[in-house]
Amino acid sequence: MAFGKGCHLHLIDGSAFIFRAFHALPPLTRKSDGLPIGAVAGFCNMLDRYVENNSGPDAATHVAVIFDKGSITFRNELFDAYKANRSEMPEDLRPQIPLTREATKAFNIACEEMQGWEADDIIATLSCRARDAGGRVTIVSSDKDLMQLVGDGVEMLDPMKNIRIDVDGVRQKFGVDPDRVVDVQALAGDSVDNVPGAPGIGIKTASQLIEEYGSLEELLDRAGEIKQPKRRQILLEHRAQIELSKRLVQLDCDTPLDFGLDDLEIRDADPEVLLDFLNRMEFRTLTRKIADRFDREPPALPEAAPQTGVPAAEAEAPIDHGAYEVVRDAVALQVWLDRIAAAGSVAVDTETTSLDEMQAELVGISLATEPGVACYVPLAHRAGGGDLFDTDALAEGQMPMERALEMLRPMLEDPAILKIGQNMKYDFKILARLGIEVAPIDDTMLLSYAQHGGLHGHGMDVLADRYLNHQCIPIKDLIGTGKLKVTFDRVTIDKAAPYAAEDADVTLRLWRLLKPRLHSARVTQVYETLERPLVPVLARMEMAGVKVDRDVLSRMSGAFAQKMAEFEADIHAKAGRPFNVGSPKQLGEILFDELGLPGGKKGKTGAYGTGADVLEDLATEHELPRLILDWRQISKLKSTYTDNLQTHINPETGRVHTSYSIAGANTGRLASSDPNLQNIPIRSEEGRRIREAFVAPEGRVLVALDYSQIELRILAHVAGIEELKQAFREGQDIHAITASQMFGVPLDEMTPDVRRQAKAINFGVIYGISGFGLARNLRIPREEAQAFIDTYFARFPGIRDYMDATVKFAKANDRVETLFGRRIHTPEINAKGPGAGFAKRAAINAPIQGTAADVIRRAMVRMEAAIAGIDARMLLQVHDELLFEVAEDQAERLMAVAREVMEGAHMPVVDLSVPLVVDAGQGTTWAQAH
DNA sequence: CCTGTCACG
DNA sequence: GACGTACGTGACAGGG
């Protein structure tokens, strides 16, 4: 049928489909070879939905998907910066582009593109021709650049919101009729495509002007008549730029095409071809759906590549709690051990009485060898029904703990059998306390962290929900919460088994899903060198613990209590009445309502802010704020440190055992908790004394080694700032050098204050500096701070380049990377609103903080072997510092060896152009060691 | 359970 | 054109 009256042409904006599909879906990969395939999957789903819905009076008789081809078009000849600020195409998307063309053809839909023209021009040309031939046109896109084409039987369809955009719709968006849209765009410009327009004029103003003058040409000719002086001036001055902008936004209706409208007539897909394509892409669900529609059998899946050998998770049986076995005797356990030996790998999970691995008692172990094939081995459940009649006696039907562990030990320590866990450090410690050293291991939490750090949490519940679409049994269903909470040994075996075995089953399924993807995500090295080997290292550090002198803390607590009481009396007297000093709400009312001090600012909750910076400013007005600050400092030290730390001294070891989370911090840093030993005071003299309670036992000393300025060194390296690198090579004072370079002050005339300001800027740069932030930090006017920053960037333009490049990379790839290849995702980077600022600064900071974190991780992994011949133990990590305990007479040797490991930790993977320098100290307390 | 505050790198 | 902003953590107290 020749195209004409009664025909309806649908033109699909292919690029818009692709980008929408890419950003809407998680980074799916083809199972057999890891090829990124998410955008193709989304694209096919969208095409399929389109085909399905194409019926009824509006149905198309002709259809085409139109793509861009190449990035250089005739518009670049007009204006070479056109679309110059476009982010680069994400690397995961690039290989998918040709596949979307193939997909279109597989659906038997016309697929058109022209070198040198944008898809929009082809769409414009086809629209014009179809309209001229008397037919209707629907442009399937929400791109506002296409709105100029609407009218005379041409409409747009926003495929996501499923709303049609006609002439009225365009008027709503642009305030003018479609034929004047280009005039408005020419004035308003477009930051996305880098169309300049008229500076300071947006869509609102532009449409007003065009409404008033009728057209752009008329407006420019009569620009002298405009009343507002500024506006008049802009239009007169930028006339050429505005005219150029119009030519850039004006779509070309005369694109030379090597096909005609008749070639676009709708055709049914060939089931053979379409199913073959979908099958090659390994889209199971869609293949099945379409096969059903054609009433055919779905074709057999292609052979999976041998290195993975893993069936698709979605094809696996759903989780069935009834299928799990409870292992109650040696015969049954031996069957499982044989099964595990044959499989070569096993998922393991321990159930215990506590989250504190140093106090927890083993209650049972679950194992899984294949999806759905899992068991629970109860070992220490108590008798009774989980009710009032509980006793301490063991429940019936459990293997003796000793016997079970003796059977399990060879398997758990067998170098030929991989033990898979979720947060393996926990299970490693539990079993280590029972004399079993689990190895080798894999950890699904860390597999997820290495691949998806920054995208979501890595707890089992999150992972199961996200990757297996399964909701795990919540632990509180078994042990309850709050006052009624019981320990796991009080849970009956029949209730415990489904929960426990499920954990092993889920862990195994996650492993089969996540492990093969390591390589295609290019984080194998990250996982193998920075995550997995850290598990036993951290486990041993945590088990070692650090000796804390309770008496020292307790004496300090007493002294602090007395001091606080004195402050409180004074504070109440100066406030005029007693109140709770620890309540910011009450304090705010006293300061700002009752005493009438100036500068009271209420936050979003309606409460006055009483932070240290606010009180600091008020200290010149009144005596009270200073007293509050002093009281707060003591109160913090007492509650968080001298009081709380005592409760963390393990009664058996007399030491404090922190817990490090490996996958907690987005940047690759560790986090310490229960207690947090990474924030023990040091900056204030009062607080520093807390460190006197961290001691070495008799005959031993503490040694502290810390990287000097590691983040600034990394910044100097990645940004390639020659002056800073030189300064580091020569061991100079980096902040003084910065100050000298910025302000032109010779080093020997440097004042502490100028140096202090340069130091603040140096740190600010690492954090993604802003005038506001620096101003607040230095307590100087914002303009002054901005001037400092401008001077800094003028002096070190490489830093600005680095920052811009980092943000650009993040925007294109939704992630940044450390020098060691750690990927830190930045999902908010392309968001709009205030969140964008945060994401930008975080993206600038992450490669620097993350690279430093990688360096010390590498040092820690190598440390154990390096100090094997020394009577020493690594105890703590504080981001850029390692704390050791060592026999007194071997301290010097340890310092030399450990320093060498730390200073060379980046080699050989990364060769820094600045040296890493480690400072060392020793003493009988942590305070002295610093 | 959330917010404000403050300890660290 | 205004808004709101230094990066990363964890613990405690107060207050619904």
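Throughout, my numbering is defined as the position within the first sequence, counted from one, plus 2.
Don't be surprised by glycine CBs; every beta carbon is placed ideally from N, CA and C.
Quantities reported herein were computed from a predicted structural model and do not represent experimental measurements.
Quick check on residue i: buried or exposed, where buried means 16 or more other Cβ atoms within 10 Å of its Cβ?
i: HIS323; result: exposed
i: ALA867; result: exposed
i: THR660; result: buried
i: GLU227; result: exposed
i: GLU504; result: buried
i: MET566; result: buried
i: GLU894; result: exposed
i: GLU654; result: exposed
i: SER675; result: exposed
i: GLN235; result: exposed
i: GLY835; result: exposed
i: LEU266; result: buried
i: VAL697; result: buried
i: LYS7; result: exposed
i: PRO180; result: buried
i: MET162; result: exposed
i: ALA18; result: buried
i: VAL333; result: exposed
i: ILE165; result: exposed
i: PHE774; result: exposed
Got a sec? Which residues, its chain only, sit under 7 Å from residue i by beta carbon, not counting five neighbours each side?
i: GLY1; result: Not covered by the structure: residue 1. The range shown for the chain is 3 to 932.
i: ILE432; result: THR352, THR354, GLU359, ALA362 and LEU364
i: GLN319; result: Reading off the sequence, residue 319 comes out as Ala, not Gln. The residues are PRO373 and GLY374.
i: ALA502; result: ASP351, GLU353, GLY366, SER368 and TYR378
Note down the Cα distance separating residue i from residue j, rounded to an integer number of angstroms.
i: ALA242; j: GLN210; result: 21 Å
i: ASP553; j: GLU544; result: 23 Å
i: ALA870; j: VAL899; result: 11 Å
i: ALA845; j: ASN668; result: 11 Å
i: LEU555; j: GLN400; result: 45 Å
i: HIS908; j: ALA395; result: 54 Å
i: PRO231; j: ILE167; result: 37 Å
i: ALA609; j: GLU596; result: 15 Å
i: LYS603; j: ARG634; result: 20 Å
i: GLY800; j: VAL720; result: 9 Å
i: VAL440; j: VAL911; result: 29 Å
i: LYS175; j: ILE244; result: 20 Å
i: PRO725; j: PHE811; result: First, the residue type needs correcting, since residue 725 is Glu and not Pro in the sequence shown. Taking the straight line from one Cα to the other gives about 26 Å.
i: ILE771; j: ALA796; result: 14 Å
i: TYR428; j: ALA541; result: 8 Å
i: LEU80; j: GLY58; result: 44 Å
i: LYS229; j: TYR215; result: 13 Å
i: ARG103; j: ALA135; result: 28 Å
i: ASP645; j: ASP632; result: 18 Å
On the DSSP bridge assignment, give the partners of residue i in chain order.
i: ILE443; result: LYS421
i: ASP351; result: SER368
i: GLY199; result: Per DSSP, none; premise fails for GLY199.
i: SER674; result: TYR662
i: GLN924; result: VAL705
i: ALA377; result: Checking the sequence shown, residue 377 turns out to be Cys, not Ala. BP columns for CYS377 point to GLU327 and LEU369.
i: ARG825; result: GLU819
i: CYS113; result: VAL67
i: ASP192; result: VAL197
i: LEU878; result: LEU885
Is it the case that the CB of residue i approaches a heavy atom of the ligand SAH more closely than 7 Å?
i: ASP145; result: With respect to small molecules bound, the structure shown includes none, and the ligand SAH cannot be examined in it.
Spatial neighbours of residue i within its chain, please: CB distance less than 6 Å, with the 5 preceding and 5 following residues excluded, ordered by chain position.
i: MET805; result: ILE846
i: PRO308; result: Caution applies to PRO308, whose pLDDT of 42 falls short of 50 and renders its modelled position unreliable; the model cannot decide the point.
i: LYS85; result: ASP195 and ASN196
i: GLN851; result: THR669
i: PRO313; result: For PRO313, the predicted structure reports a pLDDT of 41, less than 50, and the residue's modelled location is therefore unreliable. The matter cannot be settled from this model.
i: LEU821; result: THR853 and VAL912
Contact the stretch 524–541 vs the stretch 366–379: 3+ CB pairs below 8 Å: no
The stretch 335–346 / the stretch 467–485 touching (three or more Cβ pairs under 8 Å): no
Segment contact flag, the stretch 772–792 with the stretch 64–84, C-beta cutoff 8 Å, min 3 pairs: no
Three-pair Cβ contact test at 8 Å for the stretch 47–64 versus the stretch 103–114: With three or more CB-CB distances shorter than 8 Å, the stretch 47–64 counts as touching the stretch 103–114.
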